[in-house]
Ligand code: SAM
């Protein structure tokens, strides 16, 4: 029997290749090409428009780092919004914080939610929790309609192509600032420094013009291009690098620790340079 390999092309001459056991589902949704595959090495994986979104084996890194860095930075996060994130992984992590009373998820594509529940149950399993409000819609519009509402907003979006283009604009970050309370915090995945340095530079520049405290932090995610992933955090009041020791409560994680919270902001020089 012939082997099946799947390549996510990052540039015209570089990609990440995965051996596939079988395709579980494939569909052109209203917004993107969705593929759910079973792989030898990383378990079930979700691809959108040919790009890796998440895998059962390494998903914990991304989801923990999106959620816990801002949630431990804020002294009392009660109302949290996730833009994108239809696989449910960030929501699962948010619910580990006892202060959170409500978590709203706004993903543009209901099919991502549907098939994540079916094939990635340990990631999507908390989407039906009573504290969670799942909305299918455009996160850009949701932000435009919100004011002074959220303690923390997390943008867990696809790359800036297709439906996510607007989520990487200065107008969107300004909307996020309005949607946050006066001491709110925002975080967004901002891709990798090896192949998309300009994206990081632009996001950092735009966010810095809106949020008085802006930083970049990194995590190691093997299925994402280059393995080194960045997150941009913008805060109105609380500094993610000055979290009081007594704010870190016990939490069940596999990647995030309070030591790593600080270490994630220590950047290699070439990455640091992208934040200037
Ligand atoms: N962790 C992944 C990564 O870094 O590549 C992304 C996870 S995936 C769940 C991202 C989600 O963003 C997709 O489900 C997609 O439907 C959603 N999305 C894209 N554009 C959006 C928009 N304008 N509003 C809301 N959700 C959007």
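Residue numbers (the working numbering): 71 to 346.
For each residue, glycine too, the CB sits at the ideal point set by N, CA and C.
Is the region 99–116 touching the region 219–239, taking contact as three or more C-beta pairs under 8 angstroms? Taking one beta carbon from each stretch, the region 99–116 and the region 219–239 have 3 or more pairs nearer than 8 angstroms; the two touch.
Can you give me the C-alpha to C-alpha distance between residue 158 and residue 338, rounded to a whole angstrom? Numbered from 1 along the chain shown, position 88 holds the residue referred to as residue 158. Numbered from 1 along the chain shown, position 268 holds the residue referred to as residue 338. The straight-line gap from Cα to Cα measures roughly 31 angstroms.
From residue 126 to residue 106, what distance separates their C-alpha atoms? Taking the first residue of the chain shown as 1, we reach residue 126 at position 56. Taking the first residue of the chain shown as 1, we reach residue 106 at position 36. In a straight line, the C-alpha of residue 126 is about 11 angstroms away from that of residue 106.
Say the cut is 8 angstroms; is the CB of residue 69 nearer than that to a heavy atom of the ligand SAM? Residue 69 is absent from the model: the chain starts at 71 and stops at 346.
Residue range of the alpha helix (DSSP H) that includes residue 194: On the chain shown, residue 194 is found 124 positions in, with the first residue counted as 1. First-last of the alpha helix (DSSP H) with residue 194: 191–194.
Proximity to residue 330 [Cα-Cα], best of 345, 342, 287: For the purposes of this step, residue 330 is identified with residue 260 of the chain shown, where counting begins at 1. Checked all of 345, 342, 287; the closest Cα to residue 330 is 287.
In the region 189–273, which residue ranges form an unbroken alpha helix (DSSP H) of at least 4 residues, counting only runs that do not cross its ends? Runs of the alpha helix (DSSP H) inside the region 189–273: 191–194, 209–214, 240–249.
Tell me whether the beta-carbon of residue 220 lies closer than 9 angstroms to the beta-carbon of residue 254. For this step, residue 220 is matched to residue 150 along the chain shown. For this step, residue 254 is matched to residue 184 along the chain shown. Yes.
Counterpart residues of residue 177 in DSSP-defined beta bridges: What you label residue 177 is simply residue 107 of the chain shown in a count that begins at 1. Answer by DSSP bridge pairing, in chain order: 206.
When you compare only the Cα positions, how much space is there between residue 111 and residue 88? Numbered from its first residue, the chain shown carries residue 111 at position 41. Numbered from its first residue, the chain shown carries residue 88 at position 18. Residue 111 and residue 88: Cα-Cα distance of roughly 8 angstroms.
Residue 321 and residue 138 closer than 9 angstroms at C-beta: Looking up residue 321 in the chain shown gives position 251. Looking up residue 138 in the chain shown gives position 68. Taking 9 angstroms as the Cβ cut-off, residue 321 and residue 138 qualify as a contacting pair.
Does DSSP classify residue 76 as helix, strand or coil? Numbered from its first residue, the chain shown carries residue 76 at position 6. Here residue 76 sits in strand by DSSP.
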